[in-house]
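S.K.: To start, I am sharing the structure in question, which I have written as structure tokens.
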Amino acid sequence: MNIAILGTGGVGQTLAAKLSSIGHTVTLGTRDAAATLAREDFGAWHKENSAVKVTSFAEAAAAGEIILNALAGHAVLDSLTAAGEANLSGKILIDISNPLDFSKGMPPTLFVVDTDSLAEQIQRLLPNTHVVKTLNTLSAHLMINPQSLAGGDHHLFLSGNDAGAKAAVVGYLTEWFGWTHIIDLGDITTARGTEMILAVWLRLWSALGTANFNFKIVQ
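According to this note's numbering, the residues represented by the sequence shown are 560 to 778, in order.
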């Protein structure tokens, strides 16, 4: 499968390396491909993952059958606009981003909260794209390797308006990464809840001294 990942930070790199290693054609989208490749940290990573293509947002979006949004929250809407609505129309966009505001230092606050979510803003921007929110409530390492914690006995959430798109994403999460416990919260407005979980997640990270944890729902 041709998979486009928008964003070249740690989350984008982790997802790209995993998906490439299991046989997918992966393209990383960035604002300036030459500048990204010139970054010392990214250049070192790309030497070990040379099969991953690095190109513009628009070229990556056009090439991808499935799009993963791994951008920093503040850059999402402008970057998706640069990717081009036509290149994203009719496709599934898996939204992993969070609306974190670091302008006042740590811990960050949320620049969208309560009555809206970043996922909803993306869906409004791209009405013909099937936005599915997931993977935003845990660290990149656990996104791709849930079995490394409690044998995978913990939960992932997803939100979206299109039932078929959500079913497809559940299949991808199971096939690509080995997820077995996934809760469909409902339509895209339910992403407000998972984005606001970050306020708790960040405090847990500080209290525990590690990001190697996740939520388990017990009934």
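Every residue gets a Cβ at the ideal spot worked out from N, C-alpha and C, and that includes glycine.
1) What is the DSSP secondary structure of A563, reduced to helix, strand or coil?
2) Within a Cβ cutoff of 6 Å, which residues of the same chain sit near V671, ignoring the five residues on either side of it in sequence?
3) Note down, in chain order, each residue of its chain lying with its Cβ closer than 7 Å to the Cβ of G571, except the 5 sequence neighbours on either side.
4) Quick one: Cα of I562 to Cα of A621, how far?
5) Taking the beta strand (DSSP E) that T584 falls in, what are its first and last residues?
6) Relative to the alpha-carbon of W735, which residue among L744, Q706, P686 and R751 has its alpha-carbon at the smallest distance?
7) Does DSSP put D637 in a helix, in a strand, or in coil?
8) For L744 and S718, I'd like the C-alpha separation in whole angstroms.
9) Just to confirm my understanding: we take G711, look at its own chain, exclude 5 residues before and 5 after, and list those with CB closer than 8 Å. What are they?
10) Going by other Cβ atoms of all chains shown within 10 Å of its Cβ, with 16 needed for buried, is R751 buried or exposed?
11) Just grab the DSSP bridge partners of V613 for me.
12) According to DSSP, which residues form a beta bridge with T693?
13) Counting Cβ pairs, one atom from each stretch, are 3 or more of them under 8 Å apart for the segment 596-605 and the segment 639-654?
M.R.: In terms of the structure at hand:
1) strand
2) P658 and L677
3) I564, L587 and A629
4) 10 Å
5) T584 to T589
6) Q706
7) helix
8) 6 Å
9) P705, G737, W738, T739 and H740
10) buried
11) L587
12) L717
13) no
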